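Heads up, the working numbering is the position in the sequence shown plus 6, with the first residue counted as 1.
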Amino acid sequence: MLTEQSITGHTGLTCLLGSPVAHSLSPLMHNMAFHLLSLDYVYLCFDVKEDRLPDAVAGLKAIGVRGFNLTMPNKNKMVELCDHLSPAAALTGAVNTVVNENGILYGHNTDGAGFIRAAKEKGCQIAGQTITILGAGGAASAVCAQAALDGAAAIRIFARTSSRFYARTENLAQRISSETACQMRLLDLADTDVLRQSIAESSLLVNATPVGMAPDTAHSLITDPAWLTSELTVADLIYNPRKTRLLQIAADAGCHTFNGLGMLLYQGAEAFRLWTGQDMPVAPIREKYFA
Ligand code: NAP
Numbered sequence: 007m008l009t010e011q012s013i014t015g016h017t018g019l020t021c022l023l024g025s026p027v028a029h030s031l032s033p034l035m036h037n038m039a040f041h042l043l044s045l046d047y048v049y050l051c052f053d054v055k056e057d058r059l060p061d062a063v064a065g066l067k068a069i070g071v072r073g074f075n076l077t078m079p080n081k082n083k084m085v086e087l088c089d090h091l092s093p094a095a096a097l098t099g100a101v102n103t104v105v106n107e108n109g110i111l112y113g114h115n116t117d118g119a120g121f122i123r124a125a126k127e128k129g130c131q132i133a134g135q136t137i138t139i140l141g142a143g144g145a146a147s148a149v150c151a152q153a154a155l156d157g158a159a160a161i162r163i164f165a166r167t168s169s170r171f172y173a174r175t176e177n178l179a180q181r182i183s184s185e186t187a188c189q190m191r192l193l194d195l196a197d198t199d200v201l202r203q204s205i206a207e208s209s210l211l212v213n214a215t216p217v218g219m220a221p222d223t224a225h226s227l228i229t230d231p232a233w234l235t236s237e238l239t240v241a242d243l244i245y246n247p248r249k250t251r252l253l254q255i256a257a258d259a260g261c262h263t264f265n266g267l268g269m270l271l272y273q274g275a276e277a278f279r280l281w282t283g284q285d286m287p288v289a290p291i292r293e294k295y296f297a
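As structure tokens, then:
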């Protein structure tokens with residue numbers, strides 16, 4: 007797609023900072039969108055580990071980068087390096103998108119917004135609903151924070167009590183319950199009666215663990231189809247494979263289902279909007295890279 011005239015002295019820079027980054031779909035998605043909308047920007051990937059993040063960010067600021075994304079392991083460290091945080095970034099303590107406005111860095115977390123847009127596209131309501139989430143890592147926190155900000159009535163998040171995220175998630179649950187209208191509780195994943203009851207009371211169940219992800223595709227945290235009714239929507243944040251074992255069980259039980267591809271696409275679309283003020287042309291990008 008690049009031609010010898012594509013990059014000029016005026017071309018603005020956007021990029022991804024993380025490690026590893028070479029596998030990322032983000033440059034394909036953003037560069038295609040810039041091209042389709044004739045926007046004079048380019049998106050590159052830089053392999054930057056957490057200890058070099060402050061230097062990398064200072065350098066990007068000095069050269070007037072328009073904005074950048076953060077991926078593992080940099081999302082938490084970036085919080086300290088921003089001048090302002092969006093409500094979702096402040097709640098989660100994680101930044102995946104930065105906008106540079108004349109040297110002032112605005113940190114956002116678009117992962118949750120990406121998930122909510124994908125859920126709404128599948129006909130899910132968030133406002134007023136009860137949601138059950140499996141796993142308490144970065145993706146789960148982003149989904150919880152955005153769902154709470156978008157008016158979810160209750161969130162029950164189930165994690166292993168040994169989880170390295172347990173204390174952090176307890177803190178998130180307290181903040182969400184006191185700072186938003188949503189009541190969020192952290193519960194023990196091993197307490198199967200409580201989990202089954204929570205799923206029965208929910209309109210949306212979200213797997214935010216890597217259980218079921220390639221290459222270990224035979225696994226699912228929920229195996230009994232009797233736990234799932236046709237009124238429930240089941241989402242898996244995993245997109246490889248496209249249909250996890252959980253989604254197969256849920257589809258067989260008559261549930262609506264969706265995988266993590268929509269979240270991946272729409273977190274990028276939200277970052278694109280923050281940098282350019284324009285809507286990403288998602289249909290051709292989805293067709294080319296997210297089928
Ligand atoms: P993370 O920060 O490492 O968190 C993973 C969570 O899953 C932790 O709570 C972990 O619990 C739990 N977990 C892992 N193995 C488990 C098991 N066998 N049984 C029960 N719980 C288990 O990872 P993340 O970034 O949140 O990502 C989670 C999933 O979402 C991954 O599959 C990732 O690919 C996907 N994701 C998708 C998108 C998208 O755009 N679609 C974006 C981000 C992430 P412990 O702390 O107890 O180990």
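In this text, a Cβ means the ideal position worked out from N, Cα and C, and glycines have one as well. If you're wondering where the values come from, they're calculated on a predicted model, not measured in any experiment.
Could you give the DSSP three-state label for residue i: helix, strand or coil?
{"i": "E237", "result": "coil"}
{"i": "Y245", "result": "coil"}
{"i": "G15", "result": "coil"}
{"i": "R72", "result": "coil"}
{"i": "Q203", "result": "helix"}
{"i": "F121", "result": "helix"}
{"i": "F171", "result": "coil"}
{"i": "M35", "result": "helix"}
{"i": "T138", "result": "strand"}
{"i": "H225", "result": "coil"}
{"i": "V54", "result": "coil"}
{"i": "V104", "result": "strand"}
{"i": "A28", "result": "coil"}
{"i": "N213", "result": "strand"}
{"i": "T198", "result": "helix"}
{"i": "L59", "result": "helix"}
Go ahead and label residue i buried or exposed: buried means 16 or more other beta carbons lie within 10 angstroms of its beta carbon, across all protein chains shown.
{"i": "R248", "result": "exposed"}
{"i": "R162", "result": "buried"}
{"i": "I13", "result": "exposed"}
{"i": "I244", "result": "buried"}
{"i": "I69", "result": "exposed"}
{"i": "R170", "result": "exposed"}
{"i": "E276", "result": "buried"}
{"i": "M78", "result": "exposed"}
{"i": "T250", "result": "buried"}
{"i": "N265", "result": "buried"}
{"i": "Q152", "result": "buried"}
{"i": "L42", "result": "exposed"}
{"i": "G218", "result": "buried"}
{"i": "S168", "result": "exposed"}
Tell me where the beta strand (DSSP E) around residue i begins and ends.
{"i": "F296", "result": "Where F296 is concerned, there is no enclosing beta strand (DSSP E), given that its DSSP letter is neither H nor E."}
{"i": "G113", "result": "110-114"}
{"i": "H262", "result": "262-264"}
{"i": "A160", "result": "160-165"}
In angstroms, rounded to a whole number, what distance separates the CA positions of residue i and residue j?
{"i": "L111", "j": "L178", "result": "24 Å"}
{"i": "R174", "j": "S44", "result": "43 Å"}
{"i": "G99", "j": "L140", "result": "19 Å"}
{"i": "A64", "j": "A146", "result": "30 Å"}
{"i": "K126", "j": "H16", "result": "38 Å"}
{"i": "L252", "j": "Q135", "result": "21 Å"}
{"i": "A39", "j": "L155", "result": "28 Å"}
{"i": "V149", "j": "N102", "result": "13 Å"}
{"i": "I205", "j": "V48", "result": "44 Å"}
{"i": "V85", "j": "A232", "result": "42 Å"}
{"i": "E207", "j": "A142", "result": "20 Å"}
{"i": "S209", "j": "P216", "result": "22 Å"}
{"i": "A96", "j": "A160", "result": "20 Å"}
Can you give me the start and stop residues for the alpha helix (DSSP H) that residue i sits inside?
{"i": "F299", "result": "Shown here, the chain extends from 7 to 297; a query on residue 299 therefore has no answer."}
{"i": "A154", "result": "144-155"}
{"i": "V85", "result": "83-87"}
{"i": "R251", "result": "251-258"}
{"i": "L192", "result": "No alpha helix (DSSP H) contains L192, which is instead part of the beta strand (DSSP E) from 189-194."}
{"i": "A96", "result": "93-98"}
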